[in-house]
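Working notes, beginning with the structure itself.
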Amino acid sequence: MNRRRFGLVGMLAAASIALAACSGGTGSTATGGDTSLSDVKSKGEIVFATEGTYKPFSFHEGGAGALTGYDVEVAQAVAGKLGVKATFQETQWDGIFAGLEAKRFDAIANQVTINADRTAKYDFSTPYTVSAGVIVVKDSNDSIKSFADLKGKTTAQSLTSNWYTLATQSGANVQAVEGWAQGVALVQQDRVDAIVNDKLTWLDYNKNTPNSGLKVAATTTDTSQSAIAFRKGSTELVSAVDKALAELAADGTLAALSEKYFGADVSK
Numbered sequence: 001m002n003r004r005r006f007g008l009v010g011m012l013a014a015a016s017i018a019l020a021a022c023s024g025g026t027g028s029t030a031t032g033g034d035t036s037l038s039d040v041k042s043k044g045e046i047v048f049a050t051e052g053t054y055k056p057f058s059f060h061e062g063g064a065g066a067l068t069g070y071d072v073e074v075a076q077a078v079a080g081k082l083g084v085k086a087t088f089q090e091t092q093w094d095g096i097f098a099g100l101e102a103k104r105f106d107a108i109a110n111q112v113t114i115n116a117d118r119t120a121k122y123d124f125s126t127p128y129t130v131s132a133g134v135i136v137v138k139d140s141n142d143s144i145k146s147f148a149d150l151k152g153k154t155t156a157q158s159l160t161s162n163w164y165t166l167a168t169q170s171g172a173n174v175q176a177v178e179g180w181a182q183g184v185a186l187v188q189q190d191r192v193d194a195i196v197n198d199k200l201t202w203l204d205y206n207k208n209t210p211n212s213g214l215k216v217a218a219t220t221t222d223t224s225q226s227a228i229a230f231r232k233g234s235t236e237l238v239s240a241v242d243k244a245l246a247e248l249a250a251d252g253t254l255a256a257l258s259e260k261y262f263g264a265d266v267s268k
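Here it is, written out as structure tokens:
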């Protein structure tokens, strides 16, 4: 699991864009005024884009049940604070930013990581998820206690992930795998020494597989932050969402949702 993806695809077809624009997403008027919040208030809903296939953040319970997940419940709680309904439009990741620009929805709630490229193009709320990188090893492995200890060891990594880069930079030999599940199996079978991945992935796995025989050996000092993304110029809506998130942090809602899905507070 790694939502730290940076590539964007081309825009939607012109007809779809024109139709979406007419259907009334948030944005600015022809005179440049920010109507993002008033648009949401007048509709009585805020429309969030989310994948619906990204457990535990946005998924259908049992594969075909109601849409749920950490991001979905955070978005619903934010909408409640705004006094409107949360509506979700399930969208594949590769088209999610194009859809935002085309005004098919008001915001994206799908573990969008804040980075320089994205902040140049989009507005972001305050973060509601904070994560780091971790090294996961067998409980019996005491030879790895830091990233420096990966030198000469073998880790299981997807060759297209950021974690592959971190593992190789730390001096590890990498055995290519398709994803987390395959890498974990290799660690458990003593075929590799460790796997480097996102802490959120580990927390989700550990919550659902408490007797895996694995542990976290080390954690990065750097963290990544995920937030709700908006079109540029949505200043009033972002301000209102930030206020809502601050209230949800203060009243314990974000911590409770974190514990529900991860067994730990990942909101700060």
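Note that this note's numbering numbers the sequence shown so that position 64 is 64, with each residue one more than the last.
Just so you know, even glycine gets a beta-carbon here, dropped at the ideal spot from N, CA and C.
In this text, all values refer to a predicted model and were calculated from it rather than measured experimentally.
DSSP places residue 124 within a strand segment (E or B) once states are collapsed to three.
Counting C-beta atoms within 10 angstroms of its own C-beta, residue 189 has fewer than 16 neighbours from the protein chains shown and is therefore classed as exposed. Rounded to whole angstroms, the separation of the alpha carbons of residue 252 and residue 48 is 23 angstroms. Residue 147 sits away from residue 66, with the two beta carbons spaced by 8 angstroms or more.
The beta carbon of residue 143 lies closer than 7 angstroms to those of 149 in the same chain, with the five residues before and after it left out. Take the alpha-carbon of residue 171 and the one of residue 88: they are about 43 angstroms apart. It is roughly 51 angstroms from the alpha-carbon of residue 37 to the alpha-carbon of residue 193. Assigned with DSSP and collapsed to three states, residue 90 falls in strand. In this model, residue 235 and residue 167 are separated by some 39 angstroms (Cα to Cα). Residue 73 counts as buried, since no fewer than 16 other beta carbons sit within 10 angstroms of its beta carbon. With distances taken between CA atoms, residue 209 lies nearest to 263 out of 174, 221 and 263. Residue 224 carries a strand assignment under DSSP once its states are collapsed to helix, strand and coil. In the structure shown, residue 177 falls within a coil segment according to DSSP collapsed to helix, strand and coil.
Rounded to the nearest angstrom, the gap between the Cα atoms of residue 183 and residue 55 is 18 angstroms. Inter-segment contact for the region 154–167 and the region 237–255 is absent: fewer than three beta-carbon pairs are separated by less than 8 angstroms. Shown here, residue 253 sits in a helix according to DSSP, grouped into three states. Taking the Cα of residue 196 as reference, the smallest distance to any Cα among 226, 138 and 211 is reached at 138.
Apart from sequence neighbours up to five positions away, the residues of its chain that approach residue 158 with a beta-carbon distance below 7 angstroms are 164, 177, 178 and 179, ordered along the chain. The region 211–225 and the region 121–141 touch, with no fewer than 3 CB-CB distances between them shorter than 8 angstroms. Spanning the alpha carbons of residue 242 and residue 226 requires a straight line of approximately 13 angstroms.
Per DSSP, the unbroken beta strand (DSSP E) holding residue 133 starts and ends at 129–138.
Restricting attention to 199, 207, 204 and 212, the CA atom closest to the CA of residue 186 is found in 212.
By the beta-carbon neighbour count (other beta carbons within 10 angstroms, threshold 16), residue 79 is buried. Out of 75, 141 and 126, the CA that lies nearest to the CA of residue 110 is found in 75. In the structure shown, the three-state DSSP call for residue 77 is helix. If you ignore the 5 residues before and after residue 265, its C-beta comes within less than 6 angstroms of the C-beta of 255 and 258, all in its own chain and listed in chain order. Check the Cα spacing between residue 231 and each of 58, 268 and 99: the tightest is with 99.
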